[in-house]
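Each residue of the sequence shown is one higher than the one before, counting from 0 in numbering that gives the first Met the number 0.
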Amino acid sequence: MEMVLLGSSGPRAAIGSHALNEAIFCSGEIDFPFRGRFVLPEDWCLLGYIHHTPAGSWCHGTSLGSGMAFTILPEGISEFMLCAGSQITVMLIPLEQLQRKLVELVPHQGEIPTRLLSLFNLSDEPSALKLHTQFERIRQHLIFDHLPAEVPPLLDEDANALLESHLLAGLSASAEDRPQCSRGRRTHYLIVQRTEQFMRANMRHDIYNNEMCNAAGVSERALRYAFEDLLGLSPNRYLSMLRLCTACRSLSMSDASRRSVKSVALSCGFWDLSRFADHYRRVFGELPRDTLMRAPPIDAMSVA
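If you want it as structure tokens, here you go:
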């Protein structure tokens, strides 16, 4: 997953994971706001539950809230923003497993009903309450170090039971339980998306406000409103954090024997290496060269 921090403090999170036969569970609580992008592996899908998230979190422009469940299929890039304090649990399973369970529950169902399963609030229906309880139990296993002796361990049956409850809750959710993206919010999301694409394509160059406005096809005022609405930052501040996080990602994946801090900094549009190092240290708690030296050599990564 690719992240762009939205605050000056470094990333801090509590994360736990557990692998079963055909499922991978992961639960986390983040203490920083960030913009994320990821692509699922082919033939895998992601089921998840938002235990808590403050107002302001969203996925593809649609507001996220506490008590929401979601299903993500391997179809393109998933884009979202999470506020500090968000708590989420997810289960990664083979897409074929979801398809088999869907046919078992709804024999005449053809394609996966993406619209019904993508994002829904858990209601007071029995299937929704059961799903909430299952996700809470998984979170306890993954996050807390000490659990009461009477709490049973996670088993393969838990993944199957969670999948069944997730599908039943999603298929039975009412129209009121399915959040919609307003027209204005969708417009802001598209503006941010087009602007970010331009930023990424021109990161090694100086980027000016009028160029971002032209790329998004809007006025400077509309550009600023869109970024402040979705990300809580000005376009220029977001560009600065995008450059910094791209540099961090590149440094952590580069071979120190083949690439230097200077080359990474210049490729991300940082011309003043001293200011870059200082800003990097304030956000990530270490100097850029420390990140680079800790990265495994390219040969070692290929062998692994």
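Think of the CB as a built atom: it goes at the ideal place given N, C-alpha and C, for glycine as much as any other residue.
Could you check the C-alpha separation between residue i and residue j for me, to the nearest Å?
i	j	result
GLY64	GLU28	15 Å
PRO73	ASP205	35 Å
GLU110	SER259	49 Å
LEU238	ARG223	12 Å
ALA158	PRO93	12 Å
VAL89	ASP228	27 Å
HIS131	ALA172	14 Å
TRP270	MET240	15 Å
ALA221	VAL191	10 Å
VAL302	LEU153	Confidence at VAL302 is low in this model, with a pLDDT of 41, below 50, so its placement is unreliable and the value that follows should be read with caution. C-alpha separation (whole angstroms): 33 Å.
HIS278	THR290	14 Å
GLY55	LEU81	7 Å
PRO151	ARG99	27 Å
ALA299	ASP155	Only weak support exists for where ALA299 lies, its pLDDT of 45 falling under 50; the coordinates are left without a value.
GLU135	LEU46	14 Å
LYS129	LEU189	36 Å
ARG11	ASN20	30 Å
ARG34	PHE275	21 Å
PRO40	LEU91	10 Å
PHE197	ARG36	16 Å
LEU115	ASP176	10 Å
GLY268	GLY15	35 Å
PRO32	LEU232	11 Å
Quick one: grab the DSSP three-state call for residue i.
i	result
THR70	strand
PHE33	strand
GLN179	coil
GLY27	strand
ASN209	helix
PHE119	strand
GLU78	strand
HIS59	coil
MET0	coil
LEU230	coil
HIS278	helix
SER247	The sequence given here places Cys at residue 247; Ser does not occur at that position. Helix at CYS247.
HIS107	coil
LEU291	helix
VAL89	strand
SER16	strand
GLY169	helix
MET300	Residue confidence for MET300 is low, a pLDDT of 44 falling below 50, so the modelled location carries little weight and cannot support an answer.
ALA215	helix
LEU286	coil
LEU39	coil
HIS51	strand
Would you check if the distance between the CB atom of residue i and the CB atom of residue j is smaller than 8 Å?
i	j	result
LEU162	GLN86	no
LEU5	ALA68	no
ALA225	HIS187	yes
SER126	LEU167	yes
SER62	PRO178	yes
MET202	ARG242	yes
ALA141	HIS51	The sequence given here has Leu at residue 141, not Ala. Against a cut-off of 8 Å, the Cβ pair of HIS51 and LEU141 comes out as no contact.
GLY9	THR70	no
ARG281	SER7	yes
GLY60	ARG199	no
Name the residue from the options whose alpha carbon lies nearest to the alpha carbon of residue i.
i	options	result
TRP43	ASP30, SER253, ALA22	ALA22
GLU1	ARG281, THR245, SER256, SER259	THR245
SER253	CYS82, GLY60, ARG288	ARG288
VAL217	SER233, ASN235, LEU230, ARG193	ARG193
ASP209	TRP57, LEU272, ASN235, ALA200	Looking at the sequence provided, one finds Asn at residue 209 rather than Asp. Out of TRP57, LEU272, ASN235, ALA200, ASN235 has the C-alpha closest to the C-alpha of ASN209.
CYS25	SER251, PHE143, PHE283, GLU156	PHE143
ARG293	ARG185, SER251, ALA276	SER251
ALA13	ARG138, GLY169, GLU41	ARG138
GLY75	LEU91, VAL38, GLY268	VAL38
CYS58	CYS212, SER181, SER256	SER181
PHE119	ALA174, GLY60, ARG185	ALA174
GLN133	SER273, ILE49, VAL263	ILE49
Under 7 Å from any heavy atom of the ligand HEM, does the C-beta of residue i make it?
i	result
MET90	This structure lacks the ligand HEM, and indeed carries no ligand of any kind.
Practice item. Return the chain-ordered ranges of every alpha helix (DSSP H) run that is complete within the segment 125-160 and spans a minimum of 4 residues. Key: 125-142
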